[in-house]
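J.: Quick one: structure below, then a few questions.
This is the structure we're talking about:
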């Protein structure tokens, strides 16, 4: 489990692997039309939730993809507020990719960049040799640009559309703090 402590502007967050008892909260998050617009694999039924959770468990076991349920603790329990995923991790690989979504009630509160920062720090500490993380999103998603920038991911380039993505995209990147070959002008 990862912990992103509260700051004066951001809530405390707990990040952990998905559990089978998260199915209901997962389905509720995907009822949001904004989330549905940006996802390629919606989770709208119990069967889809079971498949999602089973895949998340397999991915952790395989060690190449790590999906974190992001929870905001409250005195009466925890609320699912987001997901952050680290993907395309390979043994000794120098680069990987991150992705995320935020549940509708948590948007605009700093949850996504806060959670993304926690997973980014964990990834660089956990995987020796990892030098760069990429964050990709479609060009017509300015909210993802803001999240990337707030989490320290620097815009790198426009990527041409390619299936299954119907529009051009942005690639943002963040480098390991010890990486001396960080491109000029890029923030670490």
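Residue numbers (the working numbering): 2 to 189. Cβ atoms here follow ideal geometry from the backbone N, Cα and C, with glycine treated the same way.
Between residue 99 and residue 83, is the Cβ-Cβ spacing less than 7 Å?
T.: no
J.: Can you name the start and end residues of the alpha helix (DSSP H) that residue 16 belongs to?
T.: Taken as a continuous stretch (DSSP letters only), residue 16 belongs to no alpha helix (DSSP H), being part of the beta strand (DSSP E) at 14–18.
J.: Thinking C-alpha only, which one of 28, 177, 6 is nearest residue 47?
T.: Of the candidates 28, 177, 6, the residue whose Cα lies closest to the Cα of residue 47 is 28.
J.: Buried or exposed, going by whether 16 or more other CB atoms sit within 10 Å of the CB of residue 159?
T.: exposed
J.: Going by DSSP, what residue range makes up the beta strand (DSSP E) through residue 25?
T.: Looking at the DSSP string, residue 25 is not in any beta strand (DSSP E); the run it does join, the alpha helix (DSSP H), is 24–30.
J.: Across which residues does DSSP place residue 84 in a beta bridge pair?
T.: Answer is 70, 102.
J.: Using the Cα positions of residue 106 and residue 153, report the straight-line distance between them to the nearest angstrom.
T.: 24 Å
J.: In chain order, what residues of the same chain have a beta carbon less than 7 Å from the beta carbon of residue 151, not counting five sequence neighbours either side?
T.: 114
J.: Have a look at residue 172 and residue 134 and give me their C-alpha separation to the nearest angstrom.
T.: 10 Å
J.: Under 8 Å, with one C-beta from each stretch per pair, do the region 52–63 and the region 89–99 reach the 3-pair mark?
T.: no
J.: Between the C-alpha atoms of residue 189 and residue 95, what's the straight-line distance to the nearest angstrom?
T.: Only weak support exists for where residue 189 lies, its pLDDT of 37 falling under 50; the value from the coordinates is given anyway. Spanning the two alpha carbons is a distance of roughly 15 Å.
J.: For residue 21, which of 102, 168, 145, 58 has the nearest alpha-carbon?
T.: If you compare the alpha carbons of 102, 168, 145, 58 with that of residue 21, the shortest gap goes to 58.
J.: Note down, in chain order, each residue of its chain lying with its Cβ closer than 7 Å to the Cβ of residue 41, except the 5 sequence neighbours on either side.
T.: 165
J.: The alpha helix (DSSP H) with residue 170 in it runs from where to where?
T.: Here residue 170 belongs to no alpha helix (DSSP H); instead the beta strand (DSSP E) covers 170–176.
J.: Skipping 5 residues on each side, what residues in its chain have a beta carbon closer than 6 Å to that of residue 36?
T.: 102
J.: Starting from the C-beta of residue 38, find all residues in its chain whose C-beta is less than 6 Å away, skip the five residues before and the five after it, and write them out in chain order.
T.: Cβ neighbours of residue 38 beyond the five flanking positions: none.
J.: Please name the residue in 140, 34, 51, 168 whose C-alpha comes closest to that of residue 156.
T.: Measuring from the Cα of residue 156, the nearest candidate turns out to be 140.
J.: Give the secondary structure of residue 78 by DSSP, where H, G and I count as helix, E and B as strand, and everything else as coil.
T.: strand
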